[in-house]
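To keep things clear, I will list the structure first and then write my remarks on it.
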Amino acid sequence: MKYNFKKIEKKWKKKHKLIDFLKKKKKKKKYYILNMFPYPSGYGLHIGHTIGYIFSDIILKYKISKNYNVFNPFGFDSFGLPAEQFSISTGKHPSIIINKSIKNYKKQIKNLGIFYNFNSEIITSKSIYYKWTQFIFIKLFNSWYNKNNNKAENIKTLINLNKKKFYKFKKKEKFIFLNKHRLVYLKNSYVNWCPYLSTVLANDEIENGKSIRGGYNIIKKKMLQWHLRITKYNNRLLNDINILKWPKKIKNSQIKWIGKKKIFLFKIKTNLGEIKIYNKKKSKNINIIIFNILNNNIKFFKKNIKNNKKKIFNLTLKKILNKKKNYFIKIKTNLYNKKKKKIIFYITNYYNNSFLNNIYIIKNNYNIIKKKNIILKLNLKKDFNINEILFKKKIKSKNYFNLKDIVFSRQRYWGEPIPIYYKNNIPYNINIKYLPLKLPYFKKYKKLKDNCKWAWNKNINKIVNNNLIDNKNIFPLDTDTMPSFAASNWYNIRFIDPKNKKNIVDKKKIKYWNNVDLYIGGSEHTNGHLLYSRFCHKFLYDINIINFNEPFKKFINQGIILYKSFFIFKLKNKNKFISLEKIKNYKKNELLKIYISKKFIINKKNLNIKLFKKKENIYKNYFFEKKKNFICKTKIEKMSKSKFNIVNPNYIIKKYGIDVFRLYIIFFGPFNEKKIWNIKKINGIKRFIKKIWNIYYEKKIYNLKILRIDKYLINNLIFKIEKNFKKKKFNLSISYFMIFIKKIKKYKIINKKIFLIFLKLFSFFSPYISEEIWFLMGKKKSIFFEKFPKINYKYINKYYKYIIMINNKKKLILKIKKKNNKKKKIINKVNKILFKKEDIKKIKNIIYKKNKILNYLI
RNA sequence: GCCUAGAUGGUGAAAUAGGUAAACACGCAGGACUUAAAAUCCUGUAAUUCAAAAAAUGAAUUUUGCGGGUUCGAUUCCCGCUCUAGGCACCA
Numbered sequence: 004m005k006y007n008f009k010k011i012e013k014k015w016k017k018k019h020k021l022i023d024f025l026k027k028k029k030k031k032k033k034y035y036i037l038n039m040f041p042y043p044s045g046y047g048l049h050i051g052h053t054i055g056y057i058f059s060d061i062i063l064k065y066k067i068s069k070n071y072n073v074f075n076p077f078g079f080d081s082f083g084l085p086a087e088q089f090s091i092s093t094g095k096h097p098s099i100i101i102n103k104s105i106k107n108y109k110k111q112i113k114n115l116g117i118f119y120n121f122n123s124e125i126i127t128s129k130s131i132y133y134k135w136t137q138f139i140f141i142k143l144f145n146s147w148y149n150k151n152n153n154k155a156e157n158i159k160t161l162i163n164l165n166k167k168k169f170y171k172f173k174k175k176e177k178f179i180f181l182n183k184h185r186l187v188y189l190k191n192s193y194v195n196w197c198p199y200l201s202t203v204l205a206n207d208e209i210e211n212g213k214s215i216r217g218g219y220n221i222i223k224k225k226m227l228q229w230h231l232r233i234t235k236y237n238n239r240l241l242n243d244i245n246i247l248k249w250p251k252k253i254k255n256s257q258i259k260w261i262g263k264k265k266i267f268l269f270k271i272k273t274n275l276g277e278i279k280i281y282n283k284k285k286s287k288n289i290n291i292i293i294f295n296i297l298n299n300n301i302k303f304f305k306k307n308i309k310n311n312k313k314k315i316f317n318l319t320l321k322k323i324l325n326k327k328k329n330y331f332i333k334i335k336t337n338l339y340n341k342k343k344k345k346i347i348f349y350i351t352n353y354y355n356n357s358f359l360n361n362i363y364i365i366k367n368n369y370n371i372i373k374k375k376n377i378i379l380k381l382n383l384k385k386d387f388n389i390n391e392i393l394f395k396k397k398i399k400s401k402n403y404f405n406l407k408d409i410v411f412s413r414q415r416y417w418g419e420p421i422p423i424y425y426k427n428n429i430p431y432n433i434n435i436k437y438l439p440l441k442l443p444y445f446k447k448y449k450k451l452k453d454n455c456k457w458a459w460n461k462n463i464n465k466i467v468n469n470n471l472i473d474n475k476n477i478f479p480l481d482t483d484t485m486p487s488f489a490a491s492n493w494y495n496i497r498f499i500d501p502k503n504k505k506n507i508v509d510k511k512k513i514k515y516w517n518n519v520d521l522y523i524g525g526s527e528h529t530n531g532h533l534l535y536s537r538f539c540h541k542f543l544y545d546i547n548i549i550n551f552n553e554p555f556k557k558f559i560n561q562g563i564i565l566y567k568s569f570f571i572f573k574l575k576n577k578n579k580f581i582s583l584e585k586i587k588n589y590k591k592n593e594l595l596k597i598y599i600s601k602k603f604i605i606n607k608k609n610l611n612i613k614l615f616k617k618k619e620n621i622y623k624n625y626f627f628e629k630k631k632n633f634i635c636k637t638k639i640e641k642m643s644k645s646k647f648n649i650v651n652p653n654y655i656i657k658k659y660g661i662d663v664f665r666l667y668i669i670f671f672g673p674f675n676e677k678k679i680w681n682i683k684k685i686n687g688i689k690r691f692i693k694k695i696w697n698i699y700y701e702k703k704i705y706n707l708k709i710l711r712i713d714k715y716l717i718n719n720l721i722f723k724i725e726k727n728f729k730k731k732k733f734n735l736s737i738s739y740f741m742i743f744i745k746k747i748k749k750y751k752i753i754n755k756k757i758f759l760i761f762l763k764l765f766s767f768f769s770p771y772i773s774e775e776i777w778f779l780m781g782k783k784k785s786i787f788f789e790k791f792p793k794i795n796y797k798y799i800n801k802y803y804k805y806i807i808m809i810n811n812k813k814k815l816i817l818k819i820k821k822k823n824n825k826k827k828k829i830i831n832k833v834n835k836i837l838f839k840k841e842d843i844k845k846i847k848n849i850i851y852k853k854n855k856i857l858n859y860l861i
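Heads up: the first sequence begins at 4 in this note's numbering, then just goes up one per residue.
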C-alpha cells in the first residue's frame, strides 16, 4: 500500500479533536510549558515560529507519557505598531486586521500536529484581558517601594509614615511627593518627534535621523510620560538570576544590562557653580571629561555660556542630539590634573546608546576622541567666564545601575488605554470597579492619534467626548496608551484562568500551576520582555496576587531563523532609486534602505520595476536610475515581516505532510542555534518516513520472544532518546531513529514488541504515521495514552572503547568488557598485541585515561 | 561605537569535565531494476600525494575562519585578529 499522508493526517486530526489529551487529572505533578506568544501579522506564521511550537510539542508529548499534568496554552500579542501602521495606510480598524490574522494563525497552528489547551486562549487587545493589564497599572500607581521591608507596599503605608508632613501639603505638593515614590510615575523624557507628520515615531521607523517612510526629519522632544520604577528592583532582579535555569548567555546579558557598578563622585567647583562628575576609578589623574548630552546637568553649560556664542552652542547641541554618528563639542579649561596636564571637557552624544548612558564619564585616553568629529570649539574662560575651577577634595562612592526606569507611555491609539484622568493636572486613577476602560471605537482611520480625544465623566464613570470637559464632572483622560510589553509582562498568569471576570486569576489555580516550567523563545527578547516580566512578577508577588516571584523557571533559547532579504537604495529627500553598482557614487548618509518583497525580483537579483510601481503605490512616481537590470542588494538576516523575507510553511505542509515537516524542522539543526533556512534536504526525511511505512507493509512482523540482540538494540534506542530529552538535542534523536530503522530493515522477521516501542518513541516527533501504524498493528487506545517505555539497564553499554596510540598515532581500537576495565589488565593485553619483548624496554611513558585512551610514548 | 553569540567537507551538521574529526542526512558520481522516466536498492564520496594499476586495495601527509600559546594530545582551554548574525531601552 502506498503511503498517503493526506488521508492519514486528515483522519487522525479529526479523531484527535475529540480527545482531550491534556485533561487534568488529580494528584499528578504539573508541567507548564509556554512558547512566547506571537504577534498576529498579516503574513501568518513563519518557519521561525513553527520551530518553537513543534519543539515544545515534542516535550509536551514526552511529559504526558511520563505521567505529568501538562499545560500548553496559546495566545496572541495583538496590540502594537504594525497593526496601527496598516490601519493608517488602509483606513481599516486594527481589530479587523488582527481578527483576520488570528484566524489565519489558528488555522496554521492546528496544522502542525500539536496538542494545546485551546480553551485557554488569550488575545491581549480584547478587553477581558486588558482590563487586568489596566488593573496592574493601577496597582503600580498605588504602590511604593519600602526599602526597609524590601518590597512594594500600598501607597497608604507611605502616607502613614509621613503623616505629619503629608497632611500639611497642598494638593500639588502631595502629588509631587507621591509621584516621587509611585512605582509608575510621571516624568519628562525624550521621544522621536516628527514635526512634519506631527507624531511620535518608534526607533524602528527611523534611520539616520530621518523617518523611513518619506525621509522626514526627526527631533528629540521632551514629553511628560509614565515611567515604571523598575530600578527599585535592581538588586532583586540581579540576585535572583542565580536561581534560574536559563542559558548562561541570557543570564550574563541580563546581568550586564542591569549593570551594577561602583562609581565615584567628583565635584568641580567653579565661580559660577558646581559640576558633578561620576567616574569608574577613584583616581583624579584624568585629562578628559565627557558630558553626555542627554543629562540634565548640561544645563550648567547652557545657562552660563556668553550671549555671543549662545546661538551656535544651542544649535550645535540640537544637531548632535539627533545624530547617530558621534560628534563632540570641545571645551578648553584651565583645570589641571595631578601630572599637571590640562583637562579638556567634551560634550557629546557618544554614549547615547551605550550602557553607560546618562552619566558623566572621565576617560583616561584620547583614542576615542581622536577619530571623531569635533564640530564646535569653546573655551571655558572666554566663552563661559569661568575663571576659578577646582576639584573638591571629598570623593564619595556609590552603586550605579545601568538599568533605567522604563518609559511606559506611547502616543498611539492601538494599545491599552491608561486608566488615569487629570484634575487640575493632577493624575487620579479610575476606580477598579469601572474597568475595563475600553478603547473608543472609530470607523475611519487616517491619523489615529487625532481620534484619541476622549474624556472621563466622573458622574457616570464613562468615556465621553473631549469637548465636554468642564473640570468639574468631566475631566481629561490620559490619551496615551501602554507599550506592547505591558500585556506580555504577565500573560503566563492569565493563561491559567483567562475567562475569570472577578479576579486576575483564581488563587487555587495559580497555586497549582505556579510559574512556567519551560519557556521557549528567541534571545532577542533577553533584555526587554524577559526582564520586564521578571519585574512584574516580583511586584505581583509583593502585593500577594501570586505566590512566586520568578515567571520562568527554565528558559530555552530558540535560534533565530535567517533568510535572504532584498532591498534597494533611495536618495534621501529625492524620489529616486539607485541601482546597487552605483551606490559608490554617494555617501552612506545620503541613502535610505528600502526593503522589498521577493515577488518583485527577477533573475535572482534584478528588480521588476513595472510590477513594483504597480503594486507599491507610494513609489508610483519615483525615478529609477536604471530602467533595465536594476540590481537589488541582498543580505542574510532575521526572518521578519518588516524585511519581507518570511517563509510560510503552508506550501511545504501541503506538499509533504505534517509528519515530514515536523521531522525536517527538527532535523534541520540544533534548536538553540541560528540557522539559514533552506528546503533542499527535505527529500531525505520523506524517504525516511516512507521506509518506516514500507517496513510495516513489506516485512513480516510477529509477536515473538525478544532476542538478546534486539534487547540491546531497543534498550539503547530508548536510552539515547531519553538522554536527548534531557539535553534537548532532538536533531540527534532523529538520526538515532534512522540508524535503528536501517538495522531493522535488514531483518527478515521483525519483532512486534520492539517495533511498537519504536513507534511510541517516534510518535513524539511524528504523530500521525506513528498513530496510524499503531492502530494497524491492532492497538485500540491512542498511542499518546501509552506510557514511556522502561529501560532495562542490563542491556546498555556493553563495552568501553579504548583507543590505543603510539606517539599520538592511532594503532588500535580495543573493546574492553566492564569487568576487565582495569589499567594493568589492559596494558598487559596491549603489550602482547603490539610489542615484542625487546621493544617493551623502549617505552618511555604510558598515558592512561580511564574509559578512553592509552598512549605509548617511545 | 558598545554588549552577546557563532565560524567544522560541495551542503545541513555530529563529536567538547581536552582523547578515533566528519555520526546521521542532502547533493554528486557509478551501478542494479525498468522500453523509458519516476520511485526503490547497492557502492563510493574531506583534500593531496605515493604505491598498485584491470580492479580490489594499501600507505603517508594535511585539514575544524586566520595567527600564536599551554599540553603526550586542542574543533574543545588561553591570547590576538578577521568575518557573520542578534541586541542596544518606542519592532515584536
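Beta carbons: idealized from backbone N, C-alpha and C, even for Gly.
Listed as beta-bridge partners of Ser568 by DSSP are Lys638.
Along the length of the segment 604-653, whole beta strand (DSSP E) runs at least 3 residues long occupy 636-641, reported in chain order. By the criterion of at least three beta-carbon pairs nearer than 8 Å, the segment 457-469 is not in contact with the segment 514-532. Burial state of Ser738 is exposed, judged by a 10 Å Cβ sphere holding fewer than 16 other Cβ atoms. Taking the Cβ atoms as the reference, Phe140 lies roughly 7 Å from Ile421, within the contact range of under 8 Å.
The C-beta of Lys708 has fewer than 16 other C-beta atoms within 10 Å across all chains shown, which makes the residue exposed. Contact check for Phe627 against Phe633 passes: the beta carbons are separated by less than 8 Å. Rounded to the nearest angstrom, the gap between the Cα atoms of Asn145 and Asn157 is 6 Å. Distance from the CA atom of Phe647 to the CA atom of Asn560, rounded to whole angstroms, is 24 Å. Just so you know, the alpha carbons of Lys401 and His540 end up roughly 28 Å apart.
The DSSP-derived three-state label of Leu480 is strand.
Per the coordinates, the alpha-carbon of Lys134 lies some 9 Å from the alpha-carbon of Ile507. Ile772 and Ile11 do touch by the CB rule: their CB atoms are close to 7 Å apart, below 8 Å.
His230: member of the beta strand (DSSP E) spanning 222-231, first to last residue.
By the neighbour-count criterion, in which 16 or more other beta carbons inside 10 Å mark a residue as buried, Phe788 falls on the exposed side. Under DSSP, Glu527 shares a beta bridge with no residue. Taking C-beta atoms as the reference points, Ile423 and Asn432 count as a pair closer than 8 Å. With respect to Gly51, Ile100 sits apart: the two C-beta atoms are not nearer than 8 Å. A residue is called buried once 16 or more other Cβ atoms fall within 10 Å of its Cβ, and Pro198, having fewer, is exposed.
For Thr93, the uninterrupted alpha helix (DSSP H) run begins and ends at 84-93, by DSSP. By the neighbour-count criterion, in which 16 or more other beta carbons inside 10 Å mark a residue as buried, Tyr416 falls on the buried side. Phe570 and Lys636 do touch by the CB rule: their CB atoms are close to 6 Å apart, below 8 Å. Of the candidates Ile752, Lys173, Phe778, Ile692, the residue whose Cα lies closest to the Cα of Phe740 is Ile692. If you check the CB distance, Lys629 and Leu595 do not come in under 8 Å. DSSP lists Lys573, Phe627 as the beta-bridge partner residues of Phe580.
With fewer than 16 other Cβ atoms from the protein chains shown falling within 10 Å of its own Cβ, Gly781 counts as exposed. For Phe404, the three-state secondary structure derived from DSSP is strand.
DSSP, reduced to helix, strand and coil, places Tyr219 outside both helices and strands of the structure shown, so it counts as coil.
Counting C-beta pairs with one atom in each stretch, the segment 664-672 and the segment 681-697 have three or more that are closer than 8 Å, which means they touch. Leu231 is positioned such that its CB atom lies closer than 8 Å to that of Val187. The Cβ atoms of Pro439 and Gln137 lie closer than 8 Å to each other. Within the DSSP bridge table, the entry for Leu161 names no partner. Close CB contacts of Lys345 within its chain, under the 8 Å cut and outside five residues either way in sequence, are with Asn290, Lys335, Thr336, Asn337, Leu338, Tyr339 (chain order). With the rule of 3 Cβ pairs closer than 8 Å, the segment 829-838 counts as touching the segment 795-810. Note on geometry: alpha-carbon atoms of Ile215 and Glu619 lie some 15 Å from one another. The segment 91-110 makes no contact with the segment 699-717; the number of CB pairs closer than 8 Å stays below 3.
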